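Notes to accompany the following structure.
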Amino acid sequence: MRGVISVLKLCNAIISQVVKAVVVGLAFLMVITICWQVAMRFAFNDPPSWTEEFALLLFSWSMLLMLAVGVREAFHVRMDILVERMPAGGRQWLESLICVATLAFGVYLAIAGVDYVREMRGSSSAAMGYPIALLYSAAPVCGGLICLFSLERLLSFVAPGDSA
């Protein structure tokens, strides 16, 4: 079990770093796009129609990708007051339960996201004309990453001595 957890942690660490780098790139493009839109609006009173749609695409991907990273690094939104007040055994049990619930949510998001992308096949965005499935593909990617990252956390709680 120790080897599996070590490999999973290493793979997830690499994936997490790549995702963070991608998000930085997406955020940079989003800022440039929004600045271009504002400049065109104030300078020429003629903002391009594609900038808002492109910024939304970049924002959606960056937020969902960072949501998954938040699961791995435990900076996602959650209430710790109950967990912190429990005895050690109960705390480990509750953390494991939370990881299972998070994993289940990731599986659901991945499956439902793939179904929705399939339903949207053939549709295109209004202003830019890109396949709208590109926007909605962020959901199954996020779900898959949540599965990987919550599985790592779950194994760390289930076999804490093995993950050292």
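Numbering follows the numbering used here, in which position 47 of the sequence shown is assigned residue number 49; successive positions increment by one, without gaps.
By construction, the Cβ of each residue, glycine as well, lies at the ideal position given by its N, Cα and C atoms.
All of these numbers come straight from a predicted model, not from anything done at the bench.
1. Does the Cβ of Cys-149 have 16 or more other Cβ atoms within 10 Å, making it buried, or fewer, making it exposed?
2. Which of the three DSSP states is assigned to Pro-142 in this structure?
3. Is Ser-126 helix, strand or coil by DSSP?
4. Name the one or two DSSP bridge partners that Pro-133 has.
5. Using CA atoms only, rank isn't needed, just tell me which of Pro-50, Ala-23 and Lys-22 is closest to Ala-129.
6. Please say whether Met-32 and Ala-161 have beta carbons closer to each other than 8 Å?
7. Taking 8 Å as the threshold (C-beta atoms), are Arg-123 and Ala-135 in contact?
8. Check whether the Cβ of Glu-55 lies closer than 8 Å to any Cβ atom in chain C.
9. At the level of alpha carbons, what is the spacing between Leu-156 and Tyr-132?
10. Going by DSSP, what residue range makes up the alpha helix (DSSP H) through Arg-80?
11. May I have the straight-line CA-CA distance separating Glu-154 from Asn-14, to the nearest angstrom?
In this structure, then:
1. buried
2. Pro-142 falls in the helix class under three-state DSSP.
3. strand
4. Ser-126
5. When only C-alpha atoms are compared, the closest one is Pro-50.
6. The beta carbons of Ala-161 and Met-32 sit no closer together than 8 Å.
7. yes
8. In summary, chain C is missing from the structure at hand, where a single protein chain is found.
9. 38 Å
10. Counting along the chain, Arg-80 falls outside any alpha helix (DSSP H), and DSSP gives it neither H nor E.
11. 8 Å
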